[in-house]
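Okay, so the sequence shown: first residue is 19 according to the numbering used here, each after it adds one. Ideal placement from N, C-alpha and C gives every residue a C-beta, glycine not left out. This report refers to the structure that appears directly beneath it.
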Amino acid sequence: MKRMAMAFVAASLLACEDSALDDCAPGLDSCAGTCVDTRIDWSHCGACGRACGEGIGCFGGVCTSPQPMSIPRSGHGVVVGPDERIWALGDSGMPSPTGASEAYDPSTNHWTPLPALLEKRRDVLVAVNLRGAVHAIGGQRLNVPLDTVERLDVSAETWTNSAKLTSPRGAPAVAVGRDEKIYAAWGYSELVGEPTIVPTLDVFDGLKWTAEPAPPPEVIPRFGAVAVGAEDGSILFLGGCKTGAALGMTAVDAYHPDTKTWEPLPALNFPRCAAAAVVAPDGRVFCFGGRDASGQESAAVELYDPAEKEKGWQSAASMPEPRAYMGAVAAGDGRIYVVGGWVYPNSLETTLVYDPATDRWAW
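Structure, rendered in structure tokens:
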């Protein structure tokens, strides 16, 4: 009798499991007891059990490499647009920038053209305004830093000029805060000889930019830092450069918009200038590549969990190849896309894809 009862319970559990598996959301399939999207799942690509090999990702249900951009880019802006595609804006365009832009659709693994920027610029950082517009902010053209900002609405086909920064900023650190404001810190205002660093932080509320006071002495203004908006509402500024040699720094500082105060955070393990940083879907912060203390491009990756500050920065899987002056974003599929960049002596057109859940790369 006891065995019969146990068998009944086991059968009931299996029935419940089968019922749960039958309840996968539309677009998902049941594979190995888990609901997965076979269009993008690297272990079940196109069909259950069809795993993609090392260095290969799953795009549109096909195991393949991520498509490169149409042209090499470095010093460009990368952002997830309102259409959920990954936008790459501007480029170094040696000997001068071109303003050419394009967008990548992870579901089709294809890049397609976007409207060119009004002003040909490089060292441009971009941010998505939460009201559905993309902003291309600052940068420089022919070694002249810019205070101009361009805006592209989701329904528009051309860029328009937006409110200007309070001062020209080449290679600023830019992020969107949880308060739906854009924060642009530091950068350089002169690039003749040693760069002249802008000490202030500009804040855009959707109408105008205002300059916040310079940070306290322990926070070092720099150019070539990267910024991310953390889940707690703070803005994190990572790495950067102090001199024209573009040698990396390890400093990490948090700005708290609600109190307008700064807080030092655990330093990076590796000096980084012109790196890329992203907040993953689980709230962890990843920092990729950049130029190290000797000025060499790096492939190193590290991560920081704001919920576990005491652990500091931890190592993650290195990029397949070193690079600096690239862009990176977290896309809707939960993965991080590292786009373009520079490794001496060339700009890069390649797209790298990182899965933070498995610590694995596709290239």
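Is it true that the region 190-208 meets the region 244-257, where meeting means three or more beta-carbon pairs spaced less than 8 Å apart? yes
Run through the DSSP bridge pairs and tell me what Phe288 is partnered with. The partner list for Phe288 (beta bridge, DSSP) is empty, contrary to what the question assumes.
If you compare alpha carbons, which of Arg91, Asp123, Gly95, Pro133 is closest to Arg57? Asp123
I'd like to know if the region 252-265 and the region 153-173 are in contact, where contact means that at least 3 CB-CB pairs between them fall below 8 Å. no
Would you mind stating whether Pro284 and Tyr343 have Cβ atoms separated by less than 8 Å? no
Spatial neighbours of Ala335 within its chain, please: CB distance less than 7 Å, with the 5 preceding and 5 following residues excluded, ordered by chain position. Val319, Asp377, Arg378, Trp379
Which residues bound the beta strand (DSSP E) around Trp105? 104-107
Taking the C-alpha atoms as reference points, what is the distance between Ser207 and Leu183? 12 Å
Could you check which residue in Thr261, Gly262, Ala181, Trp280 has the C-alpha nearest to that of Val270? Trp280
Pro282: first and last residue of the uninterrupted beta strand (DSSP E) it sits in: 279-282
N- and C-terminal bounds of the beta strand (DSSP E) containing Trp227: 227-230
I need the straight-line Cα distance from His94 to Val303, nearest angstrom please. 21 Å
From the DSSP output, read off the bridge partner residues of Ile155. Leu143, Val167
Reducing DSSP to helix, strand and coil, say where Ala325 ends up. helix
Alpha carbon to alpha carbon, how far is Glu339 from Val210? 31 Å
Within its chain, find whatever has a CB closer than 7 Å to the CB of Gly79; leave out the 5 residues flanking it on each side and keep chain order. Thr56, Arg57, Cys63, Gly64
Do Ala293 and Gly313 have their C-beta atoms within less than 8 Å of each other? no
Unbroken beta strand (DSSP E) run spanning Val216, endpoints: Neither: Val216 is in no beta strand (DSSP E) and is coded neither H nor E.
Provide the residue span of the beta strand (DSSP E) that contains Gln314, from first to last. Gln314 -> no beta strand (DSSP E), and no H or E assigned at all.
Once DSSP output is grouped into helix, strand and coil, what is the label at Val63? According to the sequence provided, residue 63 is Cys. The question's Val does not apply to it. Note: Cys63 maps to coil in three-state DSSP.
State the beta-bridge partners of Tyr355 as determined by DSSP. Val347, Val371
Pull up the distance between the alpha-carbon of His128 and that of Gln85, whole angstroms please. 6 Å
What did DSSP end up calling Cys76 once you bin it into helix, strand or coil? strand
Do you know how far the Cα of Thr369 is from the Cα of Glu175? 25 Å
Inter-residue Cα distance where the pair is Leu143 and Val296: 13 Å
Looking at the structure shown, is Gln85 part of a helix, part of a strand, or coil, going by DSSP? coil
Pick out whichever of Val361, Asn364, Ser365, Met337 has its Cα sitting closest to the Cα of Tyr355. Met337
Which value, in whole angstroms, describes the spacing of the CA atoms of Ser30 and Val96? The pLDDT assigned to Ser30 is 35, lower than 50, so where the model puts this residue is not dependable; a value taken from the coordinates is nonetheless given after this. Between Ser30 and Val96, the C-alpha separation is close to 50 Å.
Tyr273 - DSSP class collapsed to helix/strand/coil: strand
How is Cys259 classed by DSSP in three states: helix, strand or coil? strand
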